[in-house]
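*Asks:*
Residue numbers (the working numbering): 1402 to 1545.
See below:
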């Protein structure tokens, strides 16, 4: 499957602007893993105050973007139709690089454990091949 053949993020997850942080799906193995891109233009509202004079993507939003890629992996699996994965927790997170306006964040999530009601995943976000964020996330799956 080529990148142009992948579904749009908004066709799989319920997030919408201004809280949709995946512009494009770049890889998808339903129920197992997904990757995507977020192009940061500098027009995002959080850059105005984080930080004045040195706009930087908040680390927690990197974790959210990775979680959205994880939700794409989960919801692309037919057995999770009409379900909603919710953040259950961040087991660990490390921020290795600042992400600034003009950067493209490449996110990937591999689901390491999934049941009908919960799951865990390992995620990473990079910019130009440099790791910006690594995290271990916990999901709870509920009826949508």
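A virtual CB, placed ideally from N, CA and C, is assigned to each residue, including glycine.
All figures in this text were calculated on a predicted structure; none of them were measured in a lab.
Quick check: residue 1415 and residue 1423, are their CB atoms within less than 8 angstroms of each other?
*Replies:* no
*Asks:* Would you mind sorting residue 1504 into buried or exposed? The rule is 16 or more other CB atoms within 10 Å of its CB.
*Replies:* Buried, because 16 or more other Cβ atoms sit within 10 Å of the Cβ of residue 1504.
*Asks:* Which term fits residue 1520, buried or exposed, when burial requires 16 or more other beta carbons within 10 angstroms of its beta carbon?
*Replies:* With 16 or more other Cβ atoms within 10 Å, it is buried.
*Asks:* Over what stretch of residues does the beta strand (DSSP E) that includes residue 1486 continue unbroken?
*Replies:* Judged by DSSP secondary structure, residue 1486 falls within the beta strand (DSSP E) whose first and last residues are 1484–1496.
*Asks:* With DSSP collapsed to three states, give me the class of residue 1453.
*Replies:* coil
*Asks:* How many angstroms separate the CA atom of residue 1466 from the CA atom of residue 1532?
*Replies:* 14 angstroms
*Asks:* Which residues in the same chain as residue 1496 place their Cβ atom closer than 6 angstroms to its Cβ, once the five residues preceding and following it in sequence are excluded?
*Replies:* 1460 and 1534
*Asks:* Which value, in whole angstroms, describes the spacing of the CA atoms of residue 1469 and residue 1432?
*Replies:* 14 angstroms
*Asks:* Do the segment 1437–1451 and the segment 1498–1515 make contact, defined as three or more Cβ pairs closer than 8 angstroms?
*Replies:* yes
*Asks:* Are the beta-carbon atoms of residue 1542 and residue 1481 separated by less than 8 angstroms?
*Replies:* yes
*Asks:* Could you check which residue in 1507, 1473, 1490 and 1440 has the C-alpha nearest to that of residue 1537?
*Replies:* 1490
*Asks:* Only counting runs of 3 or more residues, tell me where the beta strand (DSSP E) segments fall wholly within the segment 1406–1458, in order along the chain.
*Replies:* 1425–1430 and 1434–1440
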